[in-house]
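J.: Residue numbers (the working numbering): 17 to 268.
Here a beta-carbon is modelled for each residue, glycine too, at the ideal position from N, C-alpha and C.
Since the structure is predicted, the reported quantities are computational estimates derived from the model, not experimental observations.
Before anything else, here's the structure in question.
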Amino acid sequence: MEQARKPTARKPSAGKVTASKATARKATASTASEHPRPPVSVATGQGPAGTATVPLDLGSGPLLLPRPSFSPGATLETALQLRCSVRDFSPEPLPLKLVSALLWAGCGINRHASGHRTAPSAHNWQEINVFAVLPEGTYRYEPAGHQLALVDAQDLRALTGQQDFVARAPLNLVCVADFARMLDCPADERSFFAGADAAFVAQNILLACASEGMAAVVRALIDRRRLAAALRLQPSERIALALSIGWPGPSA
Ligand SMILES: Cc1cc2nc3c(=O)[nH]c(=O)nc-3n(C[C@H](O)[C@H](O)[C@H](O)COP(=O)(O)O)c2cc1C
């Protein structure tokens with residue numbers, strides 16, 4: 017087994033998988049049959065540097081996300097080798113295609129007949145919702161349509177945590193548990209199960225980030241009251257975890 021390495025930055029202009037990674041990624045990781053992976057490379061999955069992640073002419077309707085796809089040849093072993101917390105991010109925006117892949121990895125539907133998701137949840141409550149907080153605005157991920165619904169067209173990134181880097185990360189994801197979906201769970205056990213379910217979502221995302229050479233860290237240090245107000249959460253919705261994600265910065 018090779019030693020764990022820090023992820024290497026993959027810029028859009030130089031987005032090819034390195035030779036060593038290509039060797040490590042001989043096998044093709046499995047993806048749900050409902051989302052057969054097109055043979056796209058990371059390079060073709062990225063937009064030109066400097067473009068926004070989300071088109072600014074979003075309008076009032078939901079934004080349909082592109083079909084999730086991952087680097088050809090990425091393996092679970094490589095992702096596990098590369099996974100580490102990184103808190104230094106390039107300001108470069110992420111392509112929507114990659115945001116799509118990360119959201120699907122976190123809590124997308126991988127069995128359409130049953131509506132079950134990539135991450136398990138106790139009693140299949142599916143109580144974890146993910147908010148994507150981008151410079152262009154904040155969006156709620158809707159797994160059923162694999163789409164984003166606009167919550168607020170402002171840059172709320174700084175509110176997603178209490179550490180400086182969160183305002184600079186091009187993407188922050190916030191995992192929110194809706195206790196209203198857990199009514200058959202004893203009230204004093206809801207936090208326990210919701211925390212576990214949020215952690216599965218977060219780890220799926222972290223491994224997807226690692227396999228794509230991205231920098232990421234999961235976070236619990238959050239001013240939950242302030243962020244809940246900004247996300248316009250219902251009283252039954254509780255913030256569990258957040259993740260900061262981007263391309264690695266110079267000191268990563
Ligand atoms: C539940 C949980 C909460 C965390 N909260 C934060 C946080 O608020 N801020 C932060 O910078 N890192 C946070 N981390 C990341 C840990 O500090 C990190 O995982 C740990 O130092 C081990 O390093 P590694 O992830 O590189 O293995 C959190 C990790 C977990 C699992």
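Would you tell me roughly how many angstroms separate the C-alpha atoms of Asn126 and Phe216, rounded to the nearest one?
T.: On the sequence shown, position 110 is the one that residue 126 refers to. On the sequence shown, position 200 is the one that residue 216 refers to. If I take the Cα positions, the gap works out to 15 Å.
J.: Closer than 6 Å: is that where the CB of Leu237 sits relative to any heavy atom of ligand 1?
T.: Your numbering for residue 237 matches position 221 in the sequence shown. At least one heavy atom of ligand 1 is nearer than 6 Å to the Cβ of Leu237, so yes.
J.: Can you tell me whether His162 is buried or exposed? The criterion is at least 16 other CB atoms within 10 Å of its CB, across all chains shown.
T.: Counting from one through the sequence shown, the residue named residue 162 turns up at place 146. Buried, since its Cβ has 16 or more Cβ neighbours within 10 Å.
J.: Any heavy atom of ligand 1 closer than 6 Å to the CB of Val234?
T.: Walking along the sequence shown from the start, residue 234 turns up at place 218. Val234 Cβ: within cutoff of ligand 1.
J.: Under a three-way DSSP split, which group does Ala40 fall into?
T.: One-based indexing of the sequence shown puts residue 40 at position 24. Below a pLDDT of 50, predicted positions are generally treated as unreliable, and Ala40, at 34, falls in that range; the measurement from the model is reported next regardless. Helix.
J.: In this structure, does DSSP put Gly229 in helix, strand or coil?
T.: Taking the sequence shown and counting its residues from 1, the one referred to as residue 229 is at position 213. Coil at Gly229, not helix or strand.
J.: Return the chain-ordered list of same chain residues with a C-beta closer than 7 Å to the C-beta of Ile255, the five sequence neighbours on each side being excluded.
T.: Taking the sequence shown and counting its residues from 1, the one referred to as residue 255 is at position 239. So the list reads Val190, Val192, Ile238, Arg240, Leu243 and Ala244, once near-sequence residues are dropped.
J.: Is Gly153 helix, strand or coil when you go by DSSP?
T.: On the sequence shown, position 137 is the one that residue 153 refers to. Note: Gly153 maps to strand in three-state DSSP.
J.: When DSSP labels each residue in this structure, what does Ile261 get in the three-state scheme?
T.: Locating residue 261 in the sequence shown gives position 245, where the first residue counts as 1. Here Ile261 sits in strand by DSSP.
J.: At which residues does the alpha helix (DSSP H) containing Ala236 begin and terminate?
T.: What you label residue 236 is simply residue 220 of the sequence shown in a count that begins at 1. Looking at the DSSP string, Ala236 is not in any alpha helix (DSSP H), and its letter there is neither H nor E.
J.: So which of Ala165, Ala214 and Thr91 has the shortest CA-CA distance to Pro78?
T.: On the sequence shown, residue 78 is found 62 positions in, with the first residue counted as 1. When only C-alpha atoms are compared, the closest one is Ala165.
J.: Specify, as a first and last residue, the run of the beta strand (DSSP E) that Ala165 falls within.
T.: In the sequence shown, the residue the question calls residue 165 occupies position 149. Taken as a continuous stretch (DSSP letters only), the beta strand (DSSP E) holding Ala165 covers Gln163 to Asp168.
J.: Any heavy atom of ligand 1 closer than 6 Å to the Cβ of Ser101?
T.: The sequence position of residue 101 within the sequence shown is 85, counting from 1. Yes, the Cβ of Ser101 comes within 6 Å of a heavy atom of ligand 1.
J.: Quick one: grab the DSSP three-state call for Asp280.
T.: This structure gives no information on residue 280, because the portion of the chain shown stretches from 17 to 268.
J.: Grab me the residues of Leu175's own chain with a C-beta within less than 7 Å of its C-beta, minus the 5 sequence neighbours each way, in chain order.
T.: To locate residue 175, count along the sequence shown from 1; it is residue 159. Cβ neighbours of Leu175 beyond the five flanking positions: Arg242, Leu243 and Ala246.
J.: For Ala117 versus Phe209, is the C-beta distance shorter than 7 Å?
T.: For the purposes of this step, residue 117 is taken as the residue at position 101 of the sequence shown. For the purposes of this step, residue 209 is taken as the residue at position 193 of the sequence shown. No.
J.: Mind checking who Ala193 pairs with in its DSSP beta bridge?
T.: The sequence position of residue 193 within the sequence shown is 177, counting from 1. DSSP output for Ala193 lists Ile144 and Arg254 as bridge partner(s).
J.: Decide yes or no for the touch test of the stretch 148 to 159 against the stretch 228 to 235: beta carbon pairs closer than 8 Å, at least 3 of them.
T.: The answer is no - the stretch 228 to 235 does not touch the stretch 148 to 159, with fewer than three Cβ pairs under 8 Å.
J.: Where do the ends of the beta strand (DSSP E) carrying Arg127 lie?
T.: Here residue 127 corresponds to residue number 111 of the sequence shown, with the count starting at 1. Note, Arg127: beta strand (DSSP E), Ile125 to Arg127.
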